[in-house]
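Heads up: the sequence shown runs through residues 16 to 264, numbered per my numbering.
Note that CB positions come from ideal geometry on N, CA and C, so glycine has one too.
As the structure is a computational prediction, the values presented were derived from the model and not from experiment.
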Amino acid sequence: MSQLALIEKTQALIAAGDIVGAESVLTELADNEGDGALMVVLEQLPPKDILAVIREYDDSKESIVNLLITPQQFAHAVVIEKQYKDLTRTHLRGMMNSVIFRDESAEAIEFLTAIGDLEGGSEALADYFTEKWSRIEAFARTGVFDTVEDDGEMLSEQALYQSAYVRPRVELDEVADQDWMQMAWLLRHELPDLFIEMLLVLRAKARAHDLGLDDEEEAEEDDGKVETGDTDRGKATPAARDDDEESAI
Numbered sequence: 016m017s018q019l020a021l022i023e024k025t026q027a028l029i030a031a032g033d034i035v036g037a038e039s040v041l042t043e044l045a046d047n048e049g050d051g052a053l054m055v056v057l058e059q060l061p062p063k064d065i066l067a068v069i070r071e072y073d074d075s076k077e078s079i080v081n082l083l084i085t086p087q088q089f090a091h092a093v094v095i096e097k098q099y100k101d102l103t104r105t106h107l108r109g110m111m112n113s114v115i116f117r118d119e120s121a122e123a124i125e126f127l128t129a130i131g132d133l134e135g136g137s138e139a140l141a142d143y144f145t146e147k148w149s150r151i152e153a154f155a156r157t158g159v160f161d162t163v164e165d166d167g168e169m170l171s172e173q174a175l176y177q178s179a180y181v182r183p184r185v186e187l188d189e190v191a192d193q194d195w196m197q198m199a200w201l202l203r204h205e206l207p208d209l210f211i212e213m214l215l216v217l218r219a220k221a222r223a224h225d226l227g228l229d230d231e232e233e234a235e236e237d238d239g240k241v242e243t244g245d246t247d248r249g250k251a252t253p254a255a256r257d258d259d260e261e262s263a264i
């Protein structure tokens, strides 16, 4: 089967909702023609189709797509994941953990940097940490994830930047759970600017939730929203949607 025909078949299966079938086609390609052939095909698939496959990650089996996707391809998929409107963020956390920590976190910084460099990247990271907001605030303030040590006050943006390069109170191997604590540690101590921007977005989301607003309403109506134009990265904005790109849903 030619690459063009294979791509068309994969996209047709995804459009029909047969994600297992689409992944099987890609896996068969890698088995028959090697990982390089699969990587060439992945480069030609739009982010929405790659996302459709990798967000259905099943930790009971290894996914060749998750193992071979590049940081840039993954980042583009992550920033449009919000289109699925998965309020539990289960799929987002599953696919991020499976890809970012796929090689004992050797590539984790590269993946996180690629996400942070895209418009909507900070928001995607904030969505990942949504259910752990108080623990992340405690970590930002005290350097540990135990909220017992936290006095309940939040550091100002200026104070966050002043404390950005403090020495870790816990070592990476103490929180190497290939989950949210390890992700937060890497962000705070390896990519502090991105960690701060993510936290500012997370705070804005928490305020919106308290006000009973959704993300879009918060952006329009919340006068106390976080402005990130003056931050180092300055990209804490909703994921852009191309008018000519159909949703993968």
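Contacting residues, own chain, Cβ-Cβ under 8 Å from I29 (five flanking each side not counted): Counting from 1 along the sequence shown, the entry for residue 29 is found at position 14. A37, D64, A67, V68 and A263, listed in sequence order.
Burial state of K100 (16 or more Cβ within 10 Å): To locate residue 100, count along the sequence shown from 1; it is residue 85. The residue in question, K100, is exposed, as its Cβ has fewer than 16 Cβ neighbours within 10 Å.
A141 classed as buried or exposed, judged by whether at least 16 other C-beta atoms fall within 10 angstroms: Walking along the sequence shown from the start, residue 141 turns up at place 126. Burial call: buried.
For I95 and R70, the rounded distance between their alpha carbons: The count along the sequence shown starts at 1 and reaches residue 70 at position 55. The count along the sequence shown starts at 1 and reaches residue 95 at position 80. If I take the Cα positions, the gap works out to 11 Å.
Option nearest A179 by Cα separation, candidates N47, D161, A155 and D194: For the purposes of this step, residue 179 is identified with residue 164 of the sequence shown, where counting begins at 1. Answer by Cα proximity: A155.
Range covered by the alpha helix (DSSP H) that runs through A92: The sequence position of residue 92 within the sequence shown is 77, counting from 1. Start and end: P86 to V94.
Buried versus exposed, by CB contacts within 10 Å (16 or more), S171: Your numbering for residue 171 matches position 156 in the sequence shown. Classification for S171: exposed.
D188 - DSSP class collapsed to helix/strand/coil: As a working mapping, residue 188 is identified with position 173 in the sequence shown. The answer is helix: DSSP assigns D188 an H, G or I state.
Whether K76 touches T145 by CB criterion (8 Å): Position 61 of the sequence shown holds residue 76. Position 130 of the sequence shown holds residue 145. Not a contact, by the Cβ cut-off of 8 Å.
C-beta atoms of V185 and V159 nearer than 8 Å: Residue numbering aside, residue 185 sits at position 170 when the sequence shown is read from its first letter. Residue numbering aside, residue 159 sits at position 144 when the sequence shown is read from its first letter. Yes, Cβ-Cβ distance for V185 and V159 is below 8 Å.
Limits of the alpha helix (DSSP H) - the one that V55 falls within: For this step, residue 55 is matched to residue 40 along the sequence shown. Element bounds for V55: D50 to Q59.
Within the stretch 124-148, ranges of the alpha helix (DSSP H) (whole runs, at least 4 residues): 136-143
Beta-carbon proximity check, L53 vs I79, cutoff 8 Å: If you number the sequence shown from 1, residue 53 lands on position 38. If you number the sequence shown from 1, residue 79 lands on position 64. Yes. Within cutoff.
E212, buried or exposed, once every other Cβ within 10 Å from all chains shown has been counted against 16: Taking the sequence shown and counting its residues from 1, one reaches residue 212 at position 197. The residue in question, E212, is buried, as its Cβ has 16 or more Cβ neighbours within 10 Å.
For K220, three-class secondary structure by DSSP: Here residue 220 is taken as the residue at index 205 of the sequence shown, counted from 1. DSSP places K220 in helix when its eight states are reduced to three.
Cα-Cα separation, V40 to K24: Here residue 40 refers to the residue found at position 25 when the sequence shown is read from its first residue. Here residue 24 refers to the residue found at position 9 when the sequence shown is read from its first residue. Their Cα atoms are separated by approximately 8 Å.
Rounded straight-line distance, which links the Cα of L107 to that of G49: The residue given as residue 49 occupies position 34 in the sequence shown. The residue given as residue 107 occupies position 92 in the sequence shown. In a straight line, the C-alpha of G49 is about 28 Å away from that of L107.
Assumed close pair V56, Q18 - CB separation to whole angstroms, cut-off 8 Å: For the purposes of this step, residue 56 is taken as the residue at position 41 of the sequence shown. For the purposes of this step, residue 18 is taken as the residue at position 3 of the sequence shown. Correct: roughly 6 Å between the Cβ atoms.
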